[in-house]
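Enquirer: Below you will find the structure I want to go over with you.
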Amino acid sequence: MRFHARNGYSTTAVLVLCAIAFFTGIMVQQYPGLPSAGRGPFQLLSIYPRAYIFPKFLSEAEADKMVELAASRLAPSGLALKRGDDPNQQKDVRTSSGTFLSSGMDKTGTLRSVEEKIAAVTGVPSAYGEPFNVLRYENGQHYHSHLDAFPEKDYGPQSSQRIATMLLYLTDVEEGGETTFLLEGKDGLDRLRNIDYTKCDTGIQVKPRKGDALLFWNINPDGSLDQHALHGGCDVVSGQKWAATKWMRNKCIGMDCPKSRTNAQ
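Residues 1 to 265 in the UniProt record's numbering are what the sequence shown lists, from first letter to last.
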């Protein structure tokens, strides 16, 4: 699938602007080169950051299959360190177990089908997405608040950027495990100076419900990083939490990329 920036706009800007157009009711098909995007029921969660809930986005069978595929592959979750970070001081930031799953690892076609649904509701082609990161959180486990995008000042130059995140809830959680946006709201950045990244007591929290999906955008329409998209996974108090993350980038990175683009990355 080909996806081109037109009329001098960067690919990032086109992707984000098309998302805004889609979710505000403008037909995405008016932008040349974009895939058609089917509409599904969704709820506006926030404007700062731009975040949406898709109730029952996954079927019971799809959610169960993703857990089944991941269960035997789990390992302690990794963490991208900022320049100057001491790994020993960051061990408690992310305490889940996880694994990466690509659609080619699934003979049933479930992962490919889910990828196609994500592409349909976001307007971002599947080939722009990273493999699914499937995660399991047990009692007391969490992921302290962080950005999914990578600021160059912290991580160095990036060949592509994570512009959007789709978080799929694969199970219900007895208690805890909410997704929190500590800086939500138009005045959310005013809280940045005194923020405690380990807390879940400001902004808004999303309770995991099996089959629901949470979409949020990490990039502003001008291509800058949206700090309102700071988010975290609160401690699981009781039970287990299974979730899958699909990060979408502003460049084609998948196996379906044209050969010329694949070689250029």
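We treat Cβ as the ideally placed atom computed from N, Cα and C, and that holds for glycine.
(1) Please go through the same chain and pick out, in chain order, the residues whose beta-carbon is closer than 6 Å to the beta-carbon of T198, but skip the five residues on each side of it.
(2) Let me confirm a value: residue 267 is counted as buried when at least 16 other C-beta atoms fall within 10 Å, else exposed. Which label applies?
(3) Taking only the alpha-carbon atoms, compute the straight-line gap between F54 and I163 and give it to the nearest angstrom.
(4) Have a look at I253 and D187 and give me their C-alpha separation to the nearest angstrom.
(5) Give the range of the alpha helix (DSSP H) segment to which S113 is assigned.
(6) Taking the alpha-carbon positions, what's the P151 to S160 distance?
(7) Along the alpha helix (DSSP H) that carries K153, what are the first and last residues, could you check?
(8) Using only alpha-carbon positions, find the residue among L215, A63, N218 that is nearest to S113.
(9) Using the C-alpha atoms, what's the distance from E116 back to A61?
(10) By alpha-carbon positions, which one of H146, D212, A75, P76 ends up nearest to L225?
(11) Distance, Cα to Cα, V173 vs K241?
(12) Suppose you measure from the CA of K153 to the CA of S77; what does that come to, to the nearest Å?
(13) Do D256 and A120 have their C-beta atoms closer together than 8 Å?
(14) Determine whether the beta carbon atoms of A51 and L101 lie at a separation below 8 Å.
Expert: According to the structure data:
(1) H144
(2) As displayed, the chain neither begins before 1 nor continues past 265, which places residue 267 out of reach and without an answer.
(3) 18 Å
(4) 35 Å
(5) 110 to 122
(6) If you take the alpha carbons of P151 and S160, they lie about 11 Å apart.
(7) 152 to 155
(8) A63
(9) 16 Å
(10) Relative to L225, the option among H146, D212, A75, P76 whose CA is nearest is H146.
(11) The alpha-carbon separation between V173 and K241 amounts to approximately 6 Å.
(12) Taking the straight line joining both Cα atoms gives about 24 Å.
(13) no
(14) In this structure, L101 does not lie closer than 8 Å to A51 by Cβ.
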